[in-house]
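Chains as they are written, first to last, in this note's numbering: chain V, 218 to 507; chain X, -5 to 245. Data block below; observations after.
Below, the structure is given as structure tokens:
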């Protein structure tokens, strides 16, 4: 079963992240919400419309970038945009204006009359996002929109997603990229084996995993990582380059113990910092638990 | 409200037609199976036979309309599945009917336009058309019927390989040409031949073309028109119902 009785709500204007490992059920969820596949049971509502029974009305409000989708490579960028505009019933004048603006925003305007088969992967992804925005949607479904792109393209796409969200567009985003979810999303759901493992804001997700707090420390001389097991309060120690990361429950207690440890071994502390858990730590912990 | 919705969906079907014309009319399999095959099939039928021009044109018209109107439709869905454009299309606010009506109309348009050529060939060799209006109506009805048949050809199995569908559809199309009274007039067929011929929609178009060009045919004009209409509706409904069930398997 790809998705098993999942339940969540996305507020209007929210940028909602959907995280999960491969085959967790992210794409299946998006496909059900966008009317591409029919679920065996359950309900889904988008802006008050029944997404399963009033598919045409809900789709009319959406902009979509499916994960494995492609633009028509035998059409020009401009004709791809005009086609999608017509399929959404966007009036001719409006679709021409919006298409010109989007192509300029994405840096594709000069190539608008070129066939898409000559476009790079980044250009195709920018065009797909433009196609999703041609009808000025109220909600945007993006399935891994920056996957496999260069850093510059990723940044441009993220900036434009942020800009549309700021102007009121609700965004439903799936991504593998923790940093992307952390930077963009107001709320994140973590899905694994077809079930929601956690759902909260990125900050609160990090805070709820207090057991993942850590201290990073380095000394003037090399220390065997196994020696830290003798330090009271240290759950796990890992060598990270010239530093050692210690996973702890109470950082303040362990810092005192580390000072004593350094004195006893005649070591000088070069650096010491406390680290809150990253979203990646939380994600890995939840996925492991599940 | 409903009327507006249907009109809006029809306009979106026309957008799909525009897309299909731009992309698929020039695809290799469409040109081969839609233009070259009927041309050479006709030459093999014509050369060496001493036939009057009036008897020649209905056969040429039948082969042309059938092959051209069935050459675009089977290629579209497998091609869209392979090119990963199908999901984008399905997630647009258009019904399955809108998508397939667009596919049928683009096949119909290709068939109807190319079918003008055999008529022009007929004019150039001095053939007089007894009933031009009936011929026009017959071409429109038959190419729509064949176009509906063409999307049925790609409905099952749900493959993403256009070549497989084109091969499979050729295996069905070629025998139909041979049993449809093109090479041998229906009245000259034995009883079993007439029975087999009656299951092919092409039989009724060839017969209708004979009525329009030569002024006589085997079946009545009303029967030819009625059967072609019935076949068109059945092919369209059955094809869309099967595609509805198999479309998700192509993603």
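For every residue, glycine included, the Cβ atom is placed at its ideal position computed from N, Cα and C.
Cα-Cα separation, residue i to residue j
{"i": "residue 477(V)", "j": "residue 284(V)", "result": "53 Å"}
{"i": "residue 234(X)", "j": "residue 421(V)", "result": "49 Å"}
{"i": "residue 278(V)", "j": "residue 355(V)", "result": "5 Å"}
{"i": "residue 276(V)", "j": "residue 73(X)", "result": "24 Å"}
{"i": "residue -5(X)", "j": "residue 264(V)", "result": "Bear in mind that a pLDDT of 43 at residue -5(X), under 50, signals an unreliable position, so the number given afterwards is only what the model happens to contain. So the alpha carbons of these two residues sit roughly 21 Å apart."}
{"i": "residue 340(V)", "j": "residue 175(X)", "result": "54 Å"}
{"i": "residue 66(X)", "j": "residue 167(X)", "result": "14 Å"}
{"i": "residue 488(V)", "j": "residue 424(V)", "result": "24 Å"}
{"i": "residue 248(X)", "j": "residue 28(X)", "result": "No information on residue 248(X) is available, as it lies outside the stretch -5 to 245 that chain X covers here."}
{"i": "residue 294(V)", "j": "residue 350(V)", "result": "14 Å"}
{"i": "residue 12(X)", "j": "residue 206(X)", "result": "32 Å"}
{"i": "residue 452(V)", "j": "residue 446(V)", "result": "8 Å"}
{"i": "residue 172(X)", "j": "residue 163(X)", "result": "15 Å"}
{"i": "residue 1(X)", "j": "residue 306(V)", "result": "11 Å"}
{"i": "residue 225(X)", "j": "residue 139(X)", "result": "6 Å"}
{"i": "residue 443(V)", "j": "residue 375(V)", "result": "42 Å"}
{"i": "residue 97(X)", "j": "residue 150(X)", "result": "16 Å"}
{"i": "residue 378(V)", "j": "residue 438(V)", "result": "47 Å"}
{"i": "residue 209(X)", "j": "residue 165(X)", "result": "33 Å"}
{"i": "residue 220(X)", "j": "residue 227(X)", "result": "11 Å"}
{"i": "residue 311(V)", "j": "residue 218(X)", "result": "47 Å"}
{"i": "residue 25(X)", "j": "residue 37(X)", "result": "17 Å"}
Partners in chain X for residue i, counting only beta-carbon separations shorter than 8 Å
{"i": "residue 290(V)", "result": "77"}
{"i": "residue 253(V)", "result": "81, 84, 85, 242, 245"}
{"i": "residue 286(V)", "result": "78, 79, 81, 82"}
{"i": "residue 359(V)", "result": "None at all; the shortest Cβ gap to chain X is about 12 Å."}
Check whether residue i and residue j have beta carbons under 7 Å apart
{"i": "residue 144(X)", "j": "residue 92(X)", "result": "no"}
{"i": "residue 387(V)", "j": "residue 360(V)", "result": "no"}
{"i": "residue 87(X)", "j": "residue 273(V)", "result": "yes"}
{"i": "residue 106(X)", "j": "residue 137(X)", "result": "yes"}
{"i": "residue 398(V)", "j": "residue 405(V)", "result": "yes"}
{"i": "residue 319(V)", "j": "residue 347(V)", "result": "yes"}
{"i": "residue 146(X)", "j": "residue 39(X)", "result": "no"}
{"i": "residue 153(X)", "j": "residue 56(X)", "result": "no"}
{"i": "residue 256(V)", "j": "residue 249(V)", "result": "yes"}
Where residue i falls: helix, strand or coil (DSSP)
{"i": "residue 436(V)", "result": "strand"}
{"i": "residue 77(X)", "result": "coil"}
{"i": "residue -5(X)", "result": "With a pLDDT of 43 at residue -5(X), under the threshold of 50, the modelled position of that residue is not reliable, and no figure is offered here."}
{"i": "residue 466(V)", "result": "coil"}
{"i": "residue 114(X)", "result": "helix"}
{"i": "residue 244(V)", "result": "helix"}
{"i": "residue 385(V)", "result": "coil"}
{"i": "residue 297(V)", "result": "helix"}
{"i": "residue 163(X)", "result": "helix"}
{"i": "residue 448(V)", "result": "coil"}
{"i": "residue 232(V)", "result": "strand"}
{"i": "residue 262(V)", "result": "strand"}
{"i": "residue 358(V)", "result": "strand"}
{"i": "residue 85(X)", "result": "coil"}
{"i": "residue 453(V)", "result": "strand"}
{"i": "residue 322(V)", "result": "helix"}
{"i": "residue 514(V)", "result": "No answer is possible for residue 514(V): it lies beyond the span of chain V, which begins at 218 and ends at 507."}
{"i": "residue 504(V)", "result": "helix"}
{"i": "residue 477(V)", "result": "helix"}
{"i": "residue 472(V)", "result": "helix"}
Selection from the options that minimises the alpha carbon distance to residue i
{"i": "residue 16(X)", "options": "100(X), 106(X), 174(X), 132(X)", "result": "100(X)"}
{"i": "residue 352(V)", "options": "316(V), 382(V), 375(V)", "result": "316(V)"}
{"i": "residue 121(X)", "options": "188(X), 77(X), 129(X), 47(X)", "result": "47(X)"}
{"i": "residue 81(X)", "options": "313(V), 286(V), 411(V)", "result": "286(V)"}
{"i": "residue 170(X)", "options": "94(X), 146(X), 196(X)", "result": "196(X)"}
{"i": "residue 202(X)", "options": "243(X), 21(X), 59(X), 83(X)", "result": "59(X)"}
{"i": "residue 455(V)", "options": "296(V), 431(V), 485(V), 400(V)", "result": "431(V)"}
{"i": "residue 288(X)", "options": "223(X), 119(X), 23(X)", "result": "Outside the shown range of chain X (-5 to 245) lies residue 288(X), about which nothing can therefore be said."}
{"i": "residue 434(V)", "options": "449(V), 444(V), 460(V)", "result": "460(V)"}
{"i": "residue 242(V)", "options": "221(V), 368(V), 231(V), 312(V)", "result": "221(V)"}
{"i": "residue 230(V)", "options": "383(V), 330(V), 429(V)", "result": "383(V)"}
{"i": "residue 14(X)", "options": "252(V), 292(V), 371(V)", "result": "292(V)"}
Contact list for residue i against chain V, beta-carbon separation under 9 Å
{"i": "residue 6(X)", "result": "303, 304, 305, 306"}
{"i": "residue 2(X)", "result": "306"}
Partners in chain V for residue i, counting only beta-carbon separations shorter than 8 Å
{"i": "residue 16(X)", "result": "291, 292, 296"}
Residues that residue i contacts on chain V, provided the C-beta gap is smaller than 7 Å
{"i": "residue 88(X)", "result": "304"}
{"i": "residue 9(X)", "result": "300, 303, 304"}
Contacts of residue i in chain X (Cβ-Cβ under 9 Å)
{"i": "residue 281(V)", "result": "81, 82, 85, 86"}
{"i": "residue 355(V)", "result": "The premise fails here: residue 355(V) is roughly 13 Å from chain X at the closest Cβ pair, so nothing lies under 9 Å."}
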